[in-house]
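The opening position of the sequence shown corresponds to residue 0 in numbering that gives the first Met the number 0, with each subsequent residue numbered one higher.
We treat Cβ as the ideally placed atom computed from N, Cα and C, and that holds for glycine.
As structure tokens, the structure follows; a few thoughts come after it.
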Amino acid sequence: MLVFAIEYRKAIDEISGDRTLKLRKFELSGEEWVIVKELCDVLKIFKDATLFFSRATPNLATVIPAMDHLDETLATNVLNPRFQHSIQAALTIGKRTLNRYYNLTDDSEVYRIAMVLHPRHKLHYFKKAGWEDSWITAA
């Protein structure tokens, strides 16, 4: 929807700016359009993750790496001065929410077992990600 709005910004501005249509209250300022663009940029990673996990063949062994990638991207974007403060605040809340769900994976050994059994990951992923030795041993 945001991609569509950005693509048709000129038409949206003309329609919402037309006094006869009484849509002026929906007209976006230049700063609001900047936020729309930034929001579109930061939400792309969630769209990609959603499409990835919605495939016909989801893979349990990719959950932890995908969540790590999301977390790393959010952490980087939160500190990126290119983003408006409102976007940075939203990213902070998103990161906090992601971490709450990520912590739930600690309650199930299934994710770690799937990764250890996966030929691409084995224990290499845990070591590369800097997991503590006790966590790697438990996996």
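Note on L78: under 16 other CB atoms within 10 angstroms of its CB, so exposed under the neighbour-count rule. Contact between G16 and E26 is confirmed by a C-beta separation of about 5 Å, below the 8 Å threshold. For D12, same chain residues with a beta-carbon under 8 Å away, outside a window of 5 residues either side, are E26, L27 in chain order. Assignment of P64 by DSSP, reduced to helix, strand and coil, places it in the helix class.
Here the alpha carbon of I135 sits roughly 32 Å from the alpha carbon of L42.
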